[in-house]
Amino acid sequence: MREITPRKILEMKGREKIVMVTAYDYPSALIADRAGIDIIFIGDSLGMVIYGEQNTLNVSMEQMVYHTRAVSRGVKRALVLADMPFMSYEISVEEGMKNAARLIQAGADAIKIEGGYDHRKLVKKLVKSGIPVMGHTGLTPQRYLRLGGYRLMGETEEEIEEILRDAKALEKAGAFALVIEFTLADVARLVTEEVKIPTIGIGSGPYCDGQVLVWHDLLGLYENVPPFVKKYADLRDMIGLALEDYKNEVKEGKFPAPKHYWEFLDKDDFEKKK
Ligand code: KIV
Ligand code: NA
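Using this note's numbering, the letters of the sequence shown map in sequence onto residues -19 to 254.
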């Protein structure tokens, strides 16, 4: 079992901020785990940031299983959380149960679903069966057609009530945490005060119990970054420069240099790396 468990995440509320980041493959998972991130999350955002889709509605269970397997091989310490994609849990509790189990069997320690109140029966049954669940309220990208695009949530009384109702339903059904996406900071604060389970915010201000960002957004690897993201690095530029160097050196005959081919290779080093 990995070091960070859902129980530990629950206990962090009010004591220590929870840090979550998405990852979709083995090398990224290794880096995130070594950096001490608490929750490494295979989000369905992968449809956009690594498959180039315009939204998350085309993401399949197969894709989620495949990436969960890769990520889970790289993580020893963090909690590995996998997203349930669009229509993998809405049709029936039975389908939701089966699909959640596939993600757990691919190496996830917990699953996340969008919504709360509407899925309270599923959450309860999953938790009862031993599958830890994180909920997700505020902006729920899988409903973006109905919402009329990605927009700020919780501006009207009605929306605030819905968000609170989701959070309370999730708590009651046994979820161990919930994501609050793109709401007013005061709405996220209210929810954080009203439930005993930790809230993990994205674009919802500083009062949440934790924060989550998408790998490609925070590292500067994606063009359409939401306005609430902080870019901690500009890897696109760095990778572009490295690739230009490589191209130029091949074109100019500088790579490979003698130390890169057999006659001149460091043979001891080669033996060690074999
Ligand atoms: O898929 C995702 O990356 C998410 C986070 C933004 C919370 O759901
Ligand atoms: Na998601």
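Each residue gets a CB set at the ideal place from its N, CA and C atoms; glycine is no exception.
Exercise. Can you tell me whether DSSP reads Ala157 as helix, strand or coil?
Worked result: strand
For this session: Following the continuous alpha helix (DSSP H) through Ala222, name the residue where it begins and the one where it ends.
Result: 215 to 231
Exercise. Hey, how far is the Cα of Gly154 from the Cα of Asp197?
Worked result: 31 Å
Problem set entry | When Asp5, Tyr31, Glu33, Gln34 are compared against Ile20, the one with the closest alpha-carbon | Asp5
For this session: Counting only runs of 4+ residues fully inside the region 92 to 164, write out the alpha helix (DSSP H) ranges in chain order.
Result: 100 to 108, 124 to 127, 137 to 153
Exercise. What runs of the alpha helix (DSSP H), each 4 residues or longer, lie entirely inside the region 30 to 63?
Worked result: 41 to 54
Exercise. Alpha helix (DSSP H) containing Ile84: first to last residue?
Worked result: 73 to 85
Exercise. Buried or exposed: where does Phe235 fall if 16 or more other Cβ atoms within 10 Å of its Cβ makes it buried?
Worked result: exposed
For this session: Closer than 5 Å is what we want: which residues have a beta carbon that near any heavy atom of ligand 2? List them in chain order.
Result: Gly23, Asp24, Asp63
For this session: Provide the residue(s) that pair with Phe244 in DSSP beta bridges, ordered along the chain.
Result: Paired residues: none, contrary to the question.
Exercise. With Met77 and Asp63 assumed to form a contact (beta carbons below 8 Å), what rounded beta-carbon distance in angstroms separates them?
Worked result: About 16 Å separates the two Cβ atoms, so there is no contact after all.
Exercise. Would the C-beta of Ile11 count as close to ligand 1, meaning under 7 Å from any of its heavy atoms?
Worked result: no
Exercise. Given 8 Å as the limit, is there contact between the region 70 to 89 and the region 38 to 57, that is, 3 or more CB pairs closer than that?
Worked result: yes
Exercise. Helix, strand or coil for Val167 per DSSP?
Worked result: helix
For this session: Could you spell out the range, first to last residue, of the beta strand (DSSP E) harbouring Ile19?
Result: 19 to 22
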